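**Student:** Here it is: the structure, laid out below.
Residue numbers (the numbering used here), protein chains in the order written: chain A, 235 to 600; chain B, 382 to 633.
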């Protein structure tokens, strides 16, 4: 028998090269079999058919300047319409002379978002920054001091309104959701029942119904003379709605925490709140980042529903712009424009969530 | 138990402890006394209630009848007592149960900072000292998932020691480990025992039991069947069930 025991270990070698240049890559990935070759050719054909007309419409044949709508109808897109209505779509009925205020507000939001992306900012500093930022947003929109005219919330519209509804909704809806999720798993029957009842009630009703209730029914229950601002009512409806949905996402994460983690925390003498804050939530939330962001994106786009209680969010201002008699029929342009804005924010959220996932799962590569 | 040990004080006392899971009587009339510095090794077939028993000592499981007094504090419905006991009792689990989202150092300093309210710097010094003790000082900044099973269990031991407990409980600490890693964990436990830590270990490592234990406890079907110093326990077990069990685990 041959003996295979040998005392000299085999030295590690570099792995063989993975590909053989661009041609090799093409052959391996696009033309590796008959089916793949056919699929590749079909895709190329599809792109050839689809891309040139879109480019022609959006760029080559597009009209960039026009005095009015009549002069703007041609084979291509009428970006002159967007140029004309740009301010209205973004900022709606906010007084034209004061346009700088919503511009700064959008700038503040973007800055706060960028700050939140920086890992080094996380912690108390970021909280304070956001608090100041939100106060500044409110002050700038509302005005009524330092020479700024007072602007009623009914005039707040367009992108700032969408951002306020969405961001404030998420900001307060998220902690509400976490509390509800914890409550739903509480050992106290009363707490558990209330949380389940709340979640099921809110989730079982369309957002539109909630907005209607907030807008039309709530005032009926308030004593005469007491009014709550319509925007506040809509905002509260959003927070309640977001909370219920987020609660169920968070609960999924809570349920995935192994029992041993809780036992280890208990055995070390951590209290319920310490255990929840330091051990359970960090792991549970990191696990549900994809569905959380999914819900956030949904909430962001759901803000468009405030049209039914006649608040003018970004979608509504765009539709209002379309009703101008001098500029008629530019639906595609308007929707493409706001579509790009919505898409930018949602795409950003999606990318950001990937960064978060990487950040939180560093210790968990297995 | 010798008089000398009784003098040095009783750390753990179980009196007529009963527990049920639903209708299933999992602990039946358990009586156990562990003196300060004493090492007790609990063994028995799976399902015998040994893990449940050890988990009652820091109230991870609740007993329904009888009395448990740990470090002079009675375990009852009073949450303050439970917290007080848990501060004095460290526990090492079969599955390590390290916190995967925290680094090794953070795993070690978490409880001292939040429960003992130590300043962070002091907690880190203690943590590094104990990492040295369990022989992995260079892994402080790694995450548990990047360590081997044996290393993780040693971190778990260090994590408990950072709370400076009076008592250490080990619930099958080597059962989830690959064979070549068992020794490194047992070595740490032996050195801990040599320093006079009060220990209760549920384990099947009979070699460890022989070296370290002052008292062997054999459990079967929720009862304590036999209790004896290791020499007597291994040389002439009194009960048939003990004999059968020993022959099974030592035979090969």
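Note that CB positions come from ideal geometry on N, CA and C, so glycine has one too. Everything numeric in this text was worked out from a predicted model, so none of it was measured.
1. Taking the continuous beta strand (DSSP E) assigned at residue 450 of chain B, which residues delimit it?
2. So, are the CB atoms of residue 557 of chain B and residue 446 of chain B less than 8 Å apart?
3. Who does residue 408 of chain B pair with in a DSSP beta bridge?
4. Taking only beta-carbon positions, decide if residue 396 of chain B is within less than 8 Å of chain A.
5. Classify residue 469 of chain A as helix, strand or coil using the three-state DSSP reduction.
6. From residue 523 of chain A to residue 577 of chain B, what distance separates their C-alpha atoms?
7. Is residue 439 of chain B buried or exposed, if buried means 16 or more other CB atoms sit within 10 Å of its CB?
8. Strictly below 7 Å CB to CB, what residues from chain A border residue 478 of chain B?
9. Helix or strand or just coil, what does DSSP make of residue 604 of chain B?
10. Out of B:530, B:489, B:495, which one is the CA nearest neighbour of residue 510 of chain B?
11. Could you tell me if residue 600 of chain B is buried or exposed, where buried requires 16 or more neighbouring beta carbons within 10 angstroms of its beta carbon?
12. Is residue 392 of chain A helix, strand or coil by DSSP?
13. Sorted by chain position, which residues of the same chain lie with C-beta nearer than 6 Å to residue 514 of chain A's C-beta, five sequence neighbours on each side aside?
14. Which residue wins for smallest C-alpha separation from residue 375 of chain A, given the options A:298, A:343, A:473?
15. So, with DSSP's three-state summary, where would you put residue 363 of chain A?
16. Touch check for the segment 299-319 of chain A and the segment 548-560 of chain A: three-plus C-beta pairs under 8 Å?
17. Which chain B residues sit within Cβ distance under 9 Å of residue 421 of chain A?
18. Given a cut-off of 8 Å on the beta-carbon distance, is the pair residue 485 of chain B and residue 569 of chain B in contact?
19. Pop quiz: residue 590 of chain B and residue 611 of chain B are said to be a contact at Cβ under 8 Å. What is the actual Cβ separation, rounded to whole angstroms?
20. In whole angstroms, give me the CA-to-CA distance for residue 433 of chain B and residue 540 of chain B.
21. Please classify residue 311 of chain A as buried or exposed, where buried requires at least 16 other C-beta atoms within 10 Å of its C-beta.
22. Relative to the alpha-carbon of residue 401 of chain A, which residue among A:279, A:532, A:381, A:283 has its alpha-carbon at the smallest distance?
23. Using beta carbons (cut-off 8 Å, strictly below), is residue 489 of chain A in contact with chain B?
24. Is it true that the CB of residue 414 of chain A sits closer than 8 Å to the CB of residue 478 of chain A?
25. Residues of the segment 455-474 of chain B with a CB closer than 8 Å to any CB of chain A: list them in chain order, please.
26. Can you pull out the residues from the segment 515-526 of chain A whose beta carbon lies closer than 9 Å to at least one beta carbon of chain B?
27. I need the straight-line Cα distance from residue 298 of chain A to residue 314 of chain A, nearest angstrom please.
28. By alpha-carbon positions, which one of B:416, B:428, B:436, B:422 ends up nearest to residue 398 of chain B?
29. Quick one: grab the DSSP three-state call for residue 476 of chain B.
30. Rounded to the nearest angstrom, what separates residue 578 of chain A and residue 554 of chain B at their Cα positions?
31. Can you tell me the Cα-Cα spacing of residue 547 of chain B and residue 559 of chain B, whole angstroms?
32. Which residues does DSSP list as the beta-bridge partners of residue 416 of chain B?
33. Measure the CB-CB distance between residue 520 of chain A and residue 488 of chain A and report whether it falls below 8 Å.
34. Measure the CB-CB distance between residue 539 of chain A and residue 441 of chain A and report whether it falls below 8 Å.
35. How is the beta strand (DSSP E) around residue 438 of chain B delimited, first residue to last?
36. Any beta carbon from chain B within less than 8 Å of residue 592 of chain A's own beta carbon?
**Tutor:** According to the structure shown:
1. Position 69 of the second chain, counted from the first residue, corresponds to residue 450 of chain B. Counting along the chain, the beta strand (DSSP E) containing residue 450 of chain B begins and ends at 446-451.
2. One-based indexing of the second chain puts residue 557 of chain B at position 176. One-based indexing of the second chain puts residue 446 of chain B at position 65. Not closer than 8 Å, so no.
3. Working through the second chain from its first residue, we reach residue 408 of chain B at position 27. Bridge partners of residue 408 of chain B: B:400.
4. The residue given as residue 396 of chain B occupies position 15 in the second chain. No, residue 396 of chain B lies away from the interface with chain A (no Cβ there is under 8 Å from its Cβ).
5. As a working note, residue 469 of chain A is residue 235 in the first chain. In the structure shown, residue 469 of chain A sits in a helix (DSSP, three-state: H, G or I).
6. Stepping through the first chain from its first residue, residue 523 of chain A is reached at position 289. Stepping through the second chain from its first residue, residue 577 of chain B is reached at position 196. So the two alpha carbons sit approximately 47 Å from each other.
7. As a first step, residue 439 of chain B is located in the second chain; it is residue number 58 there, counting from the start. Buried is the call here.
8. For the purposes of this step, residue 478 of chain B is taken as the residue at position 97 of the second chain. Those are 494, 495, 497, 498, listed as they occur along chain A.
9. Numbered from its first residue, the second chain carries residue 604 of chain B at position 223. In the structure shown, residue 604 of chain B sits in a strand (DSSP, three-state: E or B).
10. Start at 1 with the first residue of the second chain, and residue 510 of chain B comes out as number 129. When only C-alpha atoms are compared, the closest one is B:489.
11. Numbered from its first residue, the second chain carries residue 600 of chain B at position 219. Residue 600 of chain B is buried by the Cβ-count criterion.
12. Here residue 392 of chain A is taken as the residue at index 158 of the first chain, counted from 1. Of the three classes helix, strand and coil, the one that applies to residue 392 of chain A here is strand, per DSSP.
13. Within the first chain, numbered from 1, the residue matching residue 514 of chain A stands at position 280. So the list reads 491, once near-sequence residues are dropped.
14. Within the first chain, residue 375 of chain A is the residue found at index 141, counting from 1. With distances taken between Cα atoms, residue 375 of chain A lies closest to A:343.
15. On the first chain, position 129 is the one that residue 363 of chain A refers to. Helix, per DSSP.
16. yes
17. Here residue 421 of chain A is taken as the residue at index 187 of the first chain, counted from 1. Per Cβ cutoff of 9 Å: no residues; residue 421 of chain A is ~13 Å from chain B at best.
18. Locating residue 485 of chain B in the second chain gives position 104, counting from the first residue. Locating residue 569 of chain B in the second chain gives position 188, counting from the first residue. The answer is no: Cβ separation not under 8 Å.
19. Translated into positions along the second chain, residue 590 of chain B becomes position 209. Translated into positions along the second chain, residue 611 of chain B becomes position 230. Contact flag correct, Cβ pair sits at about 6 Å.
20. Locating residue 433 of chain B in the second chain gives position 52, counting from the first residue. Locating residue 540 of chain B in the second chain gives position 159, counting from the first residue. Their backbone Cα atoms lie some 22 Å apart in a straight line.
21. Against the first chain, residue 311 of chain A aligns to sequence position 77. It is buried - the Cβ of residue 311 of chain A has at least 16 other Cβ atoms within 10 Å.
22. Here residue 401 of chain A corresponds to residue number 167 of the first chain, with the count starting at 1. Considering only alpha carbons, the answer is A:532.
23. Here residue 489 of chain A corresponds to residue number 255 of the first chain, with the count starting at 1. So no, residue 489 of chain A is outside the interface.
24. What you label residue 478 of chain A is simply residue 244 of the first chain in a count that begins at 1. What you label residue 414 of chain A is simply residue 180 of the first chain in a count that begins at 1. Yes, these two residues count as a Cβ contact at 8 Å.
25. 464, 467, 468, 470, 471, 472, 474
26. 516, 517, 520
27. Mapped onto the first chain, residue 298 of chain A falls at position 64. Mapped onto the first chain, residue 314 of chain A falls at position 80. In a straight line, the C-alpha of residue 298 of chain A is about 5 Å away from that of residue 314 of chain A.
28. The residue you call residue 398 of chain B lines up with position 17 of the second chain. Of the candidates B:416, B:428, B:436, B:422, the one whose C-alpha sits nearest the C-alpha of residue 398 of chain B is B:436.
29. Residue numbering aside, residue 476 of chain B sits at position 95 when the second chain is read from its first letter. Of the three classes helix, strand and coil, the one that applies to residue 476 of chain B here is coil, per DSSP.
30. Locating residue 578 of chain A in the first chain gives position 344, counting from the first residue. Locating residue 554 of chain B in the second chain gives position 173, counting from the first residue. Cα-Cα distance, rounded: 52 Å.
31. Position 166 of the second chain, counting from 1, holds the residue named residue 547 of chain B. Position 178 of the second chain, counting from 1, holds the residue named residue 559 of chain B. Taking the straight line joining both Cα atoms gives about 29 Å.
32. Working through the second chain from its first residue, we reach residue 416 of chain B at position 35. The partner list for residue 416 of chain B (beta bridge, DSSP) reads B:391.
33. Here residue 520 of chain A is taken as the residue at index 286 of the first chain, counted from 1. Here residue 488 of chain A is taken as the residue at index 254 of the first chain, counted from 1. For residue 520 of chain A and residue 488 of chain A, no; Cβs fall outside 8 Å.
34. Residue numbering aside, residue 539 of chain A sits at position 305 when the first chain is read from its first letter. Residue numbering aside, residue 441 of chain A sits at position 207 when the first chain is read from its first letter. Going by C-beta atoms, residue 539 of chain A is nearer than 8 Å to residue 441 of chain A.
35. Here the question's residue 438 of chain B lines up with position 57 in the second chain. Counting along the chain, residue 438 of chain B falls outside any beta strand (DSSP E), and DSSP gives it neither H nor E.
36. Numbered from 1 along the first chain, position 358 holds the residue referred to as residue 592 of chain A. Cβ-Cβ to chain B under 8 Å: no for residue 592 of chain A.
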